[in-house]
Each structure stands twice: as structure tokens, then as C-alpha cells.
Amino acid sequence: MNFPTQTHHDVQGAGGPCWIGDDCVTVAYRRMARVTGSRLEEVLGGAGICHRCKLVTNEEQCNGGGKHRGGALTFGMLNPNMILRDSRAWPAFGMLIGPLCVLLAAGCARPVGQGAAVAAPQAGTMPVSAAAGRGRAMGAPDVAAGTRVLRVVSTNDMHGTHAPRPDAQGLLRGGAVPLAAAIARARRECQGGCELLLLDGGDMFTGTPGSDWQYGRPIVELMNTLGYTAAALGNHEFDYGRDTMYTRFREMRFAVLGANVRGRDGRRPSWVSADTMVERAGVRVGIVGAAGTHTSGSTKAIHVNDLTFSDPAPIVSEHVRSLRARGAQIVVAVIHDGGRCERDAPDRCSGAVFEFVRGLTDKPDLVVAGHSHTIFDARVNGVPVVQASSSGRAISVTDIPLTGSDRIPRTAVRDVYGDSVSGADPEVSRIIERSLATVGPRLREEVAVIATELRREGSEYGLGRLIVDALRTVGRGDIGIWNNGGIRANLAAGTATVGALHEIVPFANQLVRVQIRGRDLTRLMNNSTFRRAPDLHISGLHMTWDSSRAEGDLVTGLSLPDGGAVNPAAVYTVIMNDYMFGDPRTIKGVPFVSGEVLPIRDIDALAQHLRSLPQPVQAPADVRIRQESP
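Residues 6 to 635 in the numbering used here are what the sequence shown lists, from first letter to last.
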């Protein structure tokens with residue numbers, strides 16, 4: 006799940022870019038439509054005025070997930086939707102097995118769910134607006150009349166989408182019912198010589214309580230109902246454990262594709278397909294999919310330590326060639342890897358998916374991307390490449406001509422607004438209402454009152470300090486550390502619920518308590534710097550660093566909060582989450598004295614800590630990580 010920390014929207018039209026808040030006609034129309042509730046056509050004075058406006062998103066990527074070594078021990082089923090099994094114990098950390106057994110055995114006796122607050126009206130009960138959409142490319146892609154067309158509608162990074170949520174401008178975006186309405190509209194437009202295909206770029210799971218507390222079951226029901234044909238294998242498909250994932254895959258009426266996934270025997274596992282062939286009105290369409298090479302490091306290693314994720318370009322090229330040889334007239338690739346395009350130069354793009362496309366020797370007709378939660382509609386190496394934000398906030402619509410002299414695919418990205426639900430399949434509302442009813446009591450449980458909104462801004466911020474203080478306090482440690490990628494949302498001012506906390510820490514990580522000598526703390530801190538900067542929050546410790554130093558040696562000093570020096574010979578208790586402890590990058594070369602997995606989840610620690618603080622809660626403001634001038 007790669008949630009962005011900051012989002013800036015601009016409208017790119019014939020007159021150049023204009024930022025939200027500027028005197029831009031598209032923005033003005035959007036605001037009028039929202040305020041008045043009028044039909045978009047009425048607000049615009051006629052349909053199609055903004056057909057050529059293109060909304061570009063520039064988002065800061067925030068990597069997440071985690072790694073563990075070895076396997077999980079299982080003593081029973083914790084939830085009807087979560088399937089567990091026995092596997093090998095952690096070979097490098099035998100000291101943790103006893104506590105881990107106790108932890109999992111205890112877990113069988115208590116509920117598993119923790120989840121995110123839904124910041125918008127529940128899907129299915131929201132007011133219905135007649136607006137067909139606002140802003141981005143709402144018309145059909147520009148294909149000559151009478152041309153036979155394959156229309157590919159694509160989503161990515163669904164992350165268990167349930168109800169819509171407000172964006173930075175306060176507009177409700179995404180949600181299952183509005184997404185269903187947007188897909189239904191694209192279907193209705195696809196008449197006559199048009200055939201439709203619905204695809205996804207991966208990361209179907211993790212992100213909402215309705216999905217997470219039921220281990221992905223509602224999102225499978227949703228995607229089956231909407232009629233998906235195939236999806237790429239995303240890193241967050243592994244989050245609920247392999248056996249739960251296998252069960253969810255068996256429930257799917259569409260293919261999950263990962264041509265570049267290999268097991269220890271060098272073969273592709275039986276639970277994931279490489280490609281699939283479908284027929285639409287006599288047209289054979291081949292679909293090949295790949296997982297991102299980042300998957301081994303963006304999900305817990307306990308779930309993927311027997312898998313490799315190879316360079317997808319040569320493998321996908323081979324399958325494109327094979328699909329065409331098998332009679333595919335159109336070939337589409339879906340891959341869970343992303344990138345971004347420059348705001349002022351939308352064809353100037355960078356990131357893993359674009360490197361993948363540049364490396365293809367046999368080209369598909371379209372590439373559907375995911376993972377970076379960005380929006381782009383680009384053409385690289387002669388191939389259109391699309392990505393549609395995340396959580397159902399947009400869809401990509403690509404029309405590929407099947408007849409005529411002009412066979413160039415036309416692409417468009419359409420916003421999905423939370424008050425636009427006309428035409429949605431009623432079954433989608435029923436799925437979401439059942440899901441929210443199941444998790445509702447826990448979802449709405451009040452925890453604390455937050456004085457002011459806590460945002461993830463910069464490399465160190467109050468929300469991160471609050472989380473890591475909770476970790477250290479509840480885990481009873483001298484020092485706490487928490488990876489920035491594990492902080493997934495802001496925390497609004499006002500009453501904080503368990504659901505809101507789940508949105509911030511959605512992975513249900515366990516706390517790990519380790520003993521470490523003072524002389525080894527510097528190595529642990531250096532191991533937690535990535536891309537030449539610290540990538541963590543700390544508690545019970547202050548740190549200085551220098552970006553001019555060599556990678557792996559950025560830390561220049563450590564001290565205690567009172568200004569005292571760290572004693573090299575003393576043993577300190579450090580609390581971290583099990584994602585960090587299992588990440589080889591974090592623990593590499595660190596000689597721990599001892600360690601144990603605590604029967605405490607991150608969200609429970611955060612809730613307990615917030616309840617214990619004076620109300621309303623103020624986040625710590627002390628700066629703990631300082632950059633020294635080079």
C-alpha cells in the first residue's frame with residue numbers, strides 16, 4: 006500500500022496548469038457543482054467543456070510493508086476469514102519462538118480486528134447526485150465514430166475501499182458505490198462495436214476496517230460483482246498471510262497474475278497465473294501480469310521468504326510474444342509497479358513501471374500500473390501506460406481501436422466522486438452495508454480527543470512521535486523506534502476512534518522488545534536510514550546525522566533526552582514493531598542480547614497510550630532527529 010503523504014492537484018488545460026485555488030474555470034465549475042448539487046451539464050452550461058482538461062497528480066511516495074525471516078507458528082483459526090498454517094520457525098531468532106507461541110496461542114482467544122474510521126457517509130446511504138463527474142477527462146476517449154473498440158477500464162490499489170473519503174479540498178472521493186457507478190457509466194457508453202474489459206493493477210487488500218477485519222472477503226465480493234477479468238499480484242495481497250491469500254484467490258472469479266514470481270524450485274507457484282486469454286465478441290485478448298520486484302521488501306518476509314520476484318521485462322516480453330502466437334489480437338499487461346510524471350511535462354516520467362516498459366522487447370497494447378498511488382496517462386516506448394490514483398478515487402478508460410486505419414489507443418483518467426452513485430449495482434451497496442455492519446461497533450469505539458489535526462509532514466512530525474512514544478511506554482522500553490512507512494494516514498482533530506487509529510497503523514504489527522548494548526545502537530540507527538536520510542521516528546533517544554557521510558554511516562551522534570551520553574557498555578531495552586525486527590536492512594549486523602515478541606498490537610498500544618494522556622491530546626513537539634550541516 007503506498008499512501009502518499011502530500012497531494013497537490015492541478016488542472017492542465019489549453020491555457021497551461023492552474024493550481025487548485027487559482028482562478029481556473031475547471032476548478033470553479035467543480036466547486037459550483039459541489040456546492041449547488043446541480044447537474045454537471047447545468048453548471049457547465051453544456052456537456053463536454055472540460056473534456057480536454059487533464060488533472061495531474063504529484064504525490065510523494067511513501068514506501069511501506071515489511072520483512073520477516075522464517076515462518077509463522079499457528080495454533081488455531083483467529084477469525085473465520087483468516088486462515089493460518091504451520092511453517093518453519095525463525096531460524097535466525099530462536100530466542101523469539103517461545104514468546105511467539107504464547108502470543109499466537111493467546112491470540113486465538115480474542116478478536117483480531119482493528120480498523121480505520123470511515124470519514125465519509127457510508128456507501129449506499131450517501132446522497133445521490135445526478136452529476137456524472139467533475140474535472141478530469143469525463144468524456145469518452147476520442148475515437149472515430151463507427152470504429153470497433155476494445156474498452157479497457159482499469160483501477161489499482163483498491164486497498165479494501167469501502168466508503169468515500171474527503172480529499173485535500175474537502176471533496177468526497179472514491180468508495181465502492183461511486184466506483185461501481187463510474188464503471189457502470191463506462192459500460193453504458195460501450196455500446197455497438199465496443200467491448201469492455203475490467204482490470205486491476207494490484208493491492209486489492211489492506212487499508213479499511215471493513216476489509217482488514219474480515220481479511221479481504223468483502224473486497225473479493227465487490228470485485229466479483231463488478232466483473233473484473235484479471236488483476237496484478239500486489240505486495241499487500243500477502244498481508245493476511247499466505248493461506249488466507251490462497252483462500253481469497255480461490256473465491257475470486259478473475260485471474261491474479263504474476264508471471265515473474267518464482268518459488269524455491271525456480272518455478273512459478275500454482276496459486277498465481279502468468280497470463281490469461283479471454284474473448285470479447287470474437288476478439289481474443291491476452292492479459293499478462295507481473296508483481297513488482299519491490300515485493301520481497303514491501304511485505305513481511307514471513308510471507309514471501311520462499312519467493313523471488315524477477316525482472317519482469319524479459320518475462321512479460323516472452324508472454325506478450327506467446328499470447329500473440331496463440332491468437333491474441335490485443336495484449337494488455339498489468340503490473341504492480343508505479344512511478345510519476347512531472348506536473349509541467351506529463352510525458353516526462355520516472356519510476357519502476359517506466360523502466361519496465363522501456364525494457365520490453367515485445368510490446369503490449371497497454372500497460373496498467375499500480376503501487377505508487379499516482380495518476381498518469383503517459384506513452385512510453387510507444388506504449389500507453391496508465392494509473393488511476395488509489396482506493397477507487399479514479400478509473401482509467403482506454404479505447405483500443407479494432408478496425409479502421411488509426412489503431413492508436415486513446416486513454417483518459419476519470420475522477421470518481423463520492424456523491425455520484427447513479428447507476429451503481431445495488432448489490433455493491435449491500436456488500437458494503439453488510440461489511441460495515443459487521444465491524445461498526447469496534448469501528449466507532451472512542452479512544453481520545455485530539456487537540457489539533459496531526460499530519461505526516463516532513464521527515465519527523467508530532468504524529469510519529471506520539472506513535473513511537475506509545476510503543477516505548479506500553480512496551481516498557483528505554484527506547485522506541487518506528488518506521489515512517491508504517492504511518493499510513495493523518496489523525497483528524499476531535500474524537501479519535503479505534504477505526505481512525507487503524508487507518509494510521511493498519512498492519513496489526515506486534516511489538517518486539519529487544520535488549521541491545523549502547524555501543525550497537527548507532528548501527529541500528531544507521532540501518533534505519535534509507536535513501537540517505539533517516540526513515541524512522543524515535544523515543545527515549547536523540548540523534549544527529551549528516552547527509553554528506555557515506556551510506557550506512559550517516560549517524561553522527563546519539564544522546565539521551567536529558568542530554569546524557571549513551572553508555573556503550575550498558576544494555577538498553579528497545580521496542581520496535583515486528584516489521585522492523587524482521588527487515589534484514591534494519592537488523593543487519595546488530596548483535597541483540599535478547600528479545601521477545603510481546604502480545605501487544607501496535608494499534609492497542611497506541612489506543613492505550615492516547616487514553617492515558619491529558620485530554621485533549623497534544624502531540625510531542627520536541628525535535629529528536631537533527632540534520633547537521635555538511
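Glycine included, each C-beta is placed from N, C-alpha and C at the ideal position.
Check: State the DSSP-derived secondary structure class of residue 461, mapped to helix, strand or coil.; Outcome: coil
Check: From the DSSP output, read off the bridge partner residues of residue 225.; Outcome: In DSSP, residue 225 forms no bridge with anything.
Check: At the level of alpha carbons, what is the spacing between residue 436 and residue 218?; Outcome: 15 Å
Check: Where does residue 138 land, buried or exposed, given buried means 16+ other C-beta within 10 angstroms?; Outcome: Its pLDDT being 33, under 50, residue 138 is placed unreliably by the model, and the measurement read from it follows with that caveat. Label assigned to residue 138: buried.
Check: Is there contact between the stretch 543 to 553 and the stretch 453 to 463, where contact requires at least three CB pairs shorter than 8 Å?; Outcome: no
Check: Which residues in the same chain have their Cβ closer than 7 Å to the Cβ of residue 598, if we skip the five residues on either side of it in sequence?; Outcome: 520, 521, 522 and 576
Check: State yes or no: is the C-beta of residue 452 within less than 7 Å of the C-beta of residue 615?; Outcome: yes
Check: The beta strand (DSSP E) spanning residue 299 covers which residue range?; Outcome: Residue 299 -> no beta strand (DSSP E), and no H or E assigned at all.
Check: Which same chain residues end up closer than 6 Å to residue 274 when comparing Cβ atoms and leaving out the 5 residues on each side of it in sequence?; Outcome: 268
Check: Taking the straight line between their C-alpha atoms, what separation do you get for residue 398 and residue 208?; Outcome: 14 Å
Check: Just to confirm, are residue 344 and residue 377 a CB contact at a threshold of 7 Å?; Outcome: yes
Check: Among all the DSSP beta bridges, which residues are the ones paired with residue 542?; Outcome: 487
Check: What residue range is occupied by the uninterrupted beta strand (DSSP E) comprising residue 304?; Outcome: First-last for residue 304: undefined, no H or E at that position.
Check: Given this structure, state the Cα-to-Cα distance separating residue 591 from residue 585, to the nearest angstrom.; Outcome: 6 Å
Check: Using alpha carbons as the reference points, say which of 225, 231, 220 and 507 lies closest to residue 201.; Outcome: 231
Check: Residue range of the alpha helix (DSSP H) that residue 530 falls in?; Outcome: 526 to 532
Check: Residues in the same chain with beta-carbon distance under 6 Å from residue 426, minus the five sequence neighbours each way, listed in chain order, please.; Outcome: 133, 182, 183 and 186
Check: What do you reckon, are the CB atoms on residue 717 and residue 524 nearer than 7 Å?; Outcome: Look at the range of the chain in this structure, 6 to 635, and you will see that residue 717 is not part of it.
Check: Could you tell me whether the stretch 471 to 490 touches the stretch 524 to 541, where touching means 3 or more Cβ pairs closer than 8 Å?; Outcome: yes
Check: Just to confirm the assignment, what range does the beta strand (DSSP E) spanning residue 548 have?; Outcome: 547 to 550
Check: To the nearest angstrom, report how far apart residue 323 and residue 163 are at their CA atoms.; Outcome: 28 Å
Check: Just reading off the beta strand (DSSP E) that residue 413 is part of, what are its end residues?; Outcome: Counting along the chain, residue 413 falls outside any beta strand (DSSP E), and DSSP gives it neither H nor E.
Check: At a Cβ threshold of 7 Å, is residue 334 touching chain B?; Outcome: No chain B appears in the structure shown, which is made up of a single protein chain.
Check: If you draw a straight line from the C-alpha of residue 71 to the C-alpha of residue 189, how long is it?; Outcome: For residue 71, the pLDDT reaches just 30, beneath the cut-off of 50, and the residue's location in the model is therefore unreliable, although a value from the coordinates is still provided. If you take the alpha carbons of residue 71 and residue 189, they lie about 36 Å apart.
Check: Per DSSP, which one or two residues make a beta bridge with residue 348?; Outcome: DSSP output for residue 348 lists no bridge partner at all.
Check: DSSP on residue 514, reduced to helix/strand/coil?; Outcome: coil
Check: Cα-Cα, which of 531, 430 and 161 is closest to residue 4?; Outcome: The structure shown does not extend to residue 4, since the chain spans only 6 to 635, so no value can be given for it.
Check: Helix, strand or coil for residue 633, going by three-state DSSP, please let me know.; Outcome: coil
Check: Considering only residues of the same chain and omitting the five flanking positions on each side of residue 370, which have a CB-CB separation below 7 Å?; Outcome: 335, 336, 337, 405 and 414
Check: Which residues bound the beta strand (DSSP E) around residue 154?; Outcome: 154 to 160
Check: With the cut-off set at 7 Å, would you say residue 353 and residue 347 are in Cβ contact?; Outcome: yes
Check: Taking 6 Å as the cut-off, is the CB of residue 418 close to at least one heavy atom of the ligand NAD?; Outcome: Ligands are entirely absent from the displayed structure, and the ligand NAD is therefore not among its contents.
Check: Can you tell me whether residue 305 is buried or exposed? The criterion is at least 16 other CB atoms within 10 Å of its CB, across all chains shown.; Outcome: buried
Check: Name the residue from 177, 545, 152 and 433 whose alpha carbon lies nearest to the alpha carbon of residue 629.; Outcome: 545
Check: What residue from 205, 302 and 248 has the CA that sits closest to residue 589's CA?; Outcome: 302
Check: Which residues in the same chain have their Cβ closer than 6 Å to the Cβ of residue 623, if we skip the five residues on either side of it in sequence?; Outcome: 456
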